[in-house]
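Start counting at 1 in the sequence shown, then tack on 276, and there's your number in the numbering used here.
Using N, Cα and C, we set each Cβ at its ideal position, and we do this for glycine too.
What you are looking at is a predicted structure, and each value in this text was computed from that prediction instead of being measured.
Worksheet: one structure, shown below.
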Amino acid sequence: MDPTEDEFYSMCLNLTNEEASLGSCNFSSEYENGELLEKVVSRVVPIFFGFIGIVGLVGNALVVLVVAANPGMRSTTNLLIINLAVADLLFVIFCVPFTATDYVMPRWPFGDWWCKVVQYFIVVTAHASVYTLVLMSLDRFMAVVHPIASMSIRTEKNALLAIACIWVVILTTAIPVGICHGEREYAYYHRNHSSCVFLEEQGYSKLGFQMSFFLSSYVIPLALISVLYMCMLTRLWKSAPGGRVSAESRRGRKKVTRMVVVVVVVFAVCWCPIQIILLVKALDAYNITYFTVTAQIVSHVLAYMNSCVNPVLYAFLSENFRVAFRKVMYCPPPYNDGIGRPQPTKTTRTGNGNSCHDIV
């Protein structure tokens, strides 16, 4: 590849990092505009990434703390929500600071080995997040369509087993990601630069890699989720009153299901632009202009925002989460005077038949 068509920005998430630079503009005026854009981006983007990193770390850590500190909130749904928060935390830790560094510095300062580690964990955490959403949708499907029969299946033990399985599978299958990434040096207008990139020149297929990432981290999981919700919608909204499941239980299931739908839709919206851009780039059909570079940066930031938006959704849409959060923050003393009774609380049924709070 011509050095003047090499990386303009080394983007942590783009996984192939084949960013054709604005160095392809060979005229001095275009070069000066590119220099100006680079200076603006190097100052503005880290601010956005810093905000995303702080909100993501604090928000997801609070989700884990709130659920872990409230034994009454232990349920299959909440265990999956904890796993989603952990995956988002790891995504923030392994991606945001290194992407911000790439925007600010002309060289990848962490070496070849850490480049492989970072890219590996980006793929791992991205897949862990979306397949946790698949498990959450499957959990909702069983709770809505088979509320009684699924009680013996939707247990905390089985939820932990499912979580462990997806992590083992993802950690194993993502190993090639580390192999096909590395640090690469290049010249940009007589200056030495380096980036953490996909090593296409070593014989690895950029198109094959990006297509597999697009299918496995976006198309397939969202297709599975869509099928599950299509199957449950009729049962959820048209179920006859009465029967073995109380009206309050049905309302609780609808409330939880709506929250899971919101989380899934937000994920799909946040990741759609960057997924499409990366696929088009892998097809060599991406024209490098100031507009497309800006569009990719915006899409990149939008995808990152997904790692910090879920705690905000819980806080705004879940009364149970707000109550549990206040309980953790204010740490009230246990109610044990033996005279009065604690106030009744809204509950939903878990798969093992125990009554407990759901976070949503």
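For the pair V445 and G332, the Cα-to-Cα distance works out to about 25 Å.
No Cβ-Cβ contact shorter than 9 Å links L500 with C546.
With a contact defined as Cβ atoms closer than 8 Å, P497 and Y580 miss out at about 19 Å. Taking a 10 Å sphere around the C-beta of K482, we find 16 or more other C-beta atoms and assign the residue as buried. In this structure, DSSP gives G479 a state outside helix and strand, which the three-state scheme calls coil. In this structure, A345 places its C-beta atom within 9 Å of the C-beta atom of K603. Counted as a single uninterrupted DSSP element, the stretch harbouring S413 is not any beta strand (DSSP E) but the alpha helix (DSSP H) occupying residues 387 to 421. Comparing alpha carbon positions, the residue from S493, V574, C507, L409 closest to T353 is L409. Runs of the alpha helix (DSSP H) spanning 4 or more residues and lying entirely within the region 537 to 620 occur at 566 to 593, 595 to 606, in chain order. Boundaries of the alpha helix (DSSP H) harbouring C441: 432 to 449, taken from the DSSP string.
DSSP places C472 in the uninterrupted beta strand (DSSP E) bounded by 467 to 474. With fewer than 16 other Cβ atoms from the protein chains shown falling within 10 Å of its own Cβ, K433 counts as exposed.
Taking the C-beta atoms as reference points, A450 is found nearer than 9 Å to H403.
Between F490 and L554, the gap from beta carbon to beta carbon is short of 9 Å. Counting the other CB atoms within 10 Å of its CB gives V394 a total of 16 or more, which places it among the buried residues. Under the three-state reduction of DSSP, R460 is assigned to strand. In this structure, DSSP gives S428 a helical state, which the three-state scheme calls helix. Distance from the CA atom of P587 to the CA atom of L360, rounded to whole angstroms, is 10 Å.
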